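Structure first, commentary second.
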Amino acid sequence: MSIGFKIHSRTRTVDAATVERFKAIAVANISDSMGRMTHGGPRLRPMHAGGVLCGVAMTVKARPGDNLMVHAALNRVKPGDVIVVDAGSDLTNAIVGELMLSHAQQVGCAGMIINGAVRDSGWIKANSFPVYAAGVTHRGPYKSGPGEVNCTIAIDGMVIEPGDLIVGDDDGFVCVPYDLTETVFAAADKKQQGEAKTMAAIKAGTVDRSWVERELEKAGCEGI
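Letter 7 of the sequence shown, counting from 1, is numbered 47 in the working numbering, and no numbers are missing.
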């Protein structure tokens, strides 16, 4: 047995209907509905031209600076999958670039998240294919492994299992665990509808901000 060098089978995936419903929900509302305890790290930023990332996690654990197992994932990716790569947050070598990303887009991959560096940033910025990464470097990767595909990974404390839901927008990305998608959607959708009502009140000049004064008084603030 080769420890740390294996392609696993994915045993469950979030269904397409769930993915579609989450596309309309802001990442901030999902995050708030998960107790503000889950995030993908402030360093991993959207590099693409803009647009929502939403799909099923296909996880990769890569040796820093090496993309062999990302290539292995690309050979196995299904339409709607998001390839999520933990490359140790190392920025020494780029894990993907224009060629790999173009291939991913061509085969129906929903986007890529790289806990590491990318290159060909001009191409990424000019295209809508979702790419999140920690940084940019021109220096290319090695291709010798080891690594794993469809294994449990963690990015800045956020655990991601293969088959979980991944949602991203301009604020970053979040993982919704497979077993919690219904609960989280209900809470996030309710929050988003509440915010829409607040925005309407703001535009109408009727928003009620008395809660601020109540909180100040409750906290014992002087001078109110």
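Don't be surprised by glycine CBs; every beta carbon is placed ideally from N, CA and C. From a predicted model like this one, the values you see are computed outputs, not experimental measurements.
The beta carbon of residue 183 sits closer than 8 Å to the beta carbons of 106, 107, 108 and 111 from its chain, once the five residues preceding and following it are set aside; these are given in chain order. Across the set 98, 69 and 180, the C-alpha of 98 shows the shortest separation from the C-alpha of residue 52. Rounded to the nearest angstrom, the Cβ distance from residue 84 to residue 213 is 7 Å, consistent with a contact under 8 Å. A straight-line Cα-Cα distance of about 10 Å links residue 254 and residue 261. When rounded, the separation of the alpha-carbon atoms in residue 174 and residue 79 is 14 Å. By the beta-carbon neighbour count (other beta carbons within 10 angstroms, threshold 16), residue 264 is exposed. Taking a C-beta distance under 7 Å as the contact criterion, residue 81 and residue 196 qualify as a contact pair. Our two residues, residue 131 and residue 257, have alpha carbons roughly 48 Å apart in a direct line. In the DSSP assignment, no residue is bridged to residue 258. By the C-beta criterion, the region 122-141 is judged not to be in contact with the region 48-64, since fewer than 3 inter-stretch pairs fall below 8 Å. Within the region 167-249, the runs of beta strand (DSSP E) at least 3 residues long that lie entirely inside it are, in chain order, 171-176, 187-189, 193-195, 198-200, 205-209 and 212-216.
Short of 7 Å from the beta carbon of residue 145, and not among the five residues preceding or following it, lie these beta carbons of its own chain, in chain order: 169.
Closest option to residue 67, judged by alpha-carbon separation, among 231, 46, 250 and 161: 231. Residue pairing for residue 106: DSSP places it in a beta bridge opposite 182. Our two residues, residue 49 and residue 238, have alpha carbons roughly 45 Å apart in a direct line. Cβ neighbours of residue 178 within its own chain (closer than 6 Å, five residues either side excluded): 159.
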